[in-house]
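A.B. asks:
Numbering (our numbering), first residue to last: 213 to 369.
(1) Go ahead and pull the three-state DSSP assignment for residue 237.
(2) Just verifying my parser: in three-state terms, what is the DSSP assignment at residue 313?
(3) Kindly confirm or deny that the stretch 221 to 234 and the stretch 345 to 353 touch, where touching means at least three C-beta pairs closer than 8 Å.
(4) Measuring straight from C-alpha to C-alpha, what distance separates residue 296 and residue 278?
(5) Just tell me which of 221, 338, 313 and 360 has its CA closest to the CA of residue 242.
(6) Cβ of residue 358 within 8 Å of Cβ of residue 218?
(7) Here's the rule: buried if 16 or more other CB atoms are within 10 angstroms of the residue's CB, otherwise exposed. What is residue 369?
(8) If you follow the alpha helix (DSSP H) that residue 318 is part of, which residue opens it and which one closes it?
(9) Do residue 271 and residue 313 have their CB atoms nearer than 8 Å?
(10) Under 8 Å, do residue 301 and residue 316 count as touching if we go by C-beta distance?
(11) Which partner residues does residue 362 have in the DSSP bridge list?
(12) So for residue 303, helix, strand or coil by DSSP?
(13) Mark residue 269 as exposed unless 16 or more other C-beta atoms lie within 10 angstroms of its C-beta, in which case mark it buried.
(14) Taking DSSP as the reference, what is the three-state secondary structure of residue 368?
(15) According to DSSP, simplified to helix, strand and coil, what is residue 348?
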């Protein structure tokens, strides 16, 4: 039977491995795989087939609406009229909102991610007998595993 578990990169991995060795699991039966960190930056603009749920145009649309109302109201007094000034001010509001959102995501959120220090996870795979599976699983949960799963043949489960 194999037991898979994921951990954040911390000292709890070493504690879990030492607890498993004390319970009779051999070193050769414990396999630890660190995951690599993301090397490329995240995409800002979504495509047709992929979206991250973050909208860049929501603030731009809100500012475009507000600016167009104000621009159309002021446009009654200006030479080109309310329609042209409403469209011009809507465009200015949209560009301003889009610029604010891009600044937030490129500068402020990037700095917050760097300060938090996102670390990759570590996968631990333990080969054990079906009789030891429950004890191994409890040991992994006790040492703050993010997730644990058991995989085995039908005769072992």
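Each residue gets a CB set at the ideal place from its N, CA and C atoms; glycine is no exception. Just so it is clear, the structure is predicted and the values come from calculations on it, not from any experiment.
C.D. replies: According to the structure shown:
(1) Against the chain shown, residue 237 aligns to sequence position 25. Taken through DSSP and simplified to helix, strand or coil, residue 237 comes out as coil.
(2) Position 101 of the chain shown, counted from the start, is the residue given in the question as residue 313. In the structure shown, residue 313 sits in a helix (DSSP, three-state: H, G or I).
(3) Proximity of the stretch 221 to 234 to the stretch 345 to 353 meets the contact definition, three or more beta-carbon pairs being nearer than 8 Å.
(4) Indexing the chain shown from 1 puts residue 296 at position 84. Indexing the chain shown from 1 puts residue 278 at position 66. Distance between the alpha carbons of residue 296 and residue 278 is about 15 Å.
(5) Residue numbering aside, residue 242 sits at position 30 when the chain shown is read from its first letter. When only C-alpha atoms are compared, the closest one is 338.
(6) Working through the chain shown from its first residue, we reach residue 358 at position 146. Working through the chain shown from its first residue, we reach residue 218 at position 6. Against a cut-off of 8 Å, the Cβ pair of residue 218 and residue 358 comes out as a contact.
(7) Along the chain shown, read from residue 1 onward, the residue named residue 369 stands at position 157. With a pLDDT of only 46 at residue 369, under the threshold of 50, the placement of this residue in the model should not be trusted, and no figure is reported.
(8) Within the chain shown, the letter at position 106 stands for residue 318. Neither: residue 318 is in no alpha helix (DSSP H) and is coded neither H nor E.
(9) For the purposes of this step, residue 271 is taken as the residue at position 59 of the chain shown. For the purposes of this step, residue 313 is taken as the residue at position 101 of the chain shown. By the CB criterion at 8 Å, residue 271 and residue 313 fall inside the cutoff.
(10) Reading the chain shown from its first residue, position 89 is the one you call residue 301. Reading the chain shown from its first residue, position 104 is the one you call residue 316. 8 Å or more divides the Cβ of residue 301 from the Cβ of residue 316.
(11) Taking the chain shown and counting its residues from 1, the one referred to as residue 362 is at position 150. As a beta-bridge residue in DSSP terms, residue 362 pairs with 215.
(12) If you number the chain shown from 1, residue 303 lands on position 91. Three-state result, residue 303: helix.
(13) On the chain shown, position 57 is the one that residue 269 refers to. Taking all protein chains shown into account, residue 269 has fewer than 16 neighbouring C-beta atoms within 10 Å of its C-beta and is therefore exposed.
(14) Counting from one through the chain shown, the residue named residue 368 turns up at place 156. Interpretation of residue 368 is limited by its pLDDT of 49, a score under 50 that renders its predicted location unreliable; no figure is taken from the coordinates.
(15) Here the question's residue 348 lines up with position 136 in the chain shown. Residue 348 falls in the helix class under three-state DSSP.
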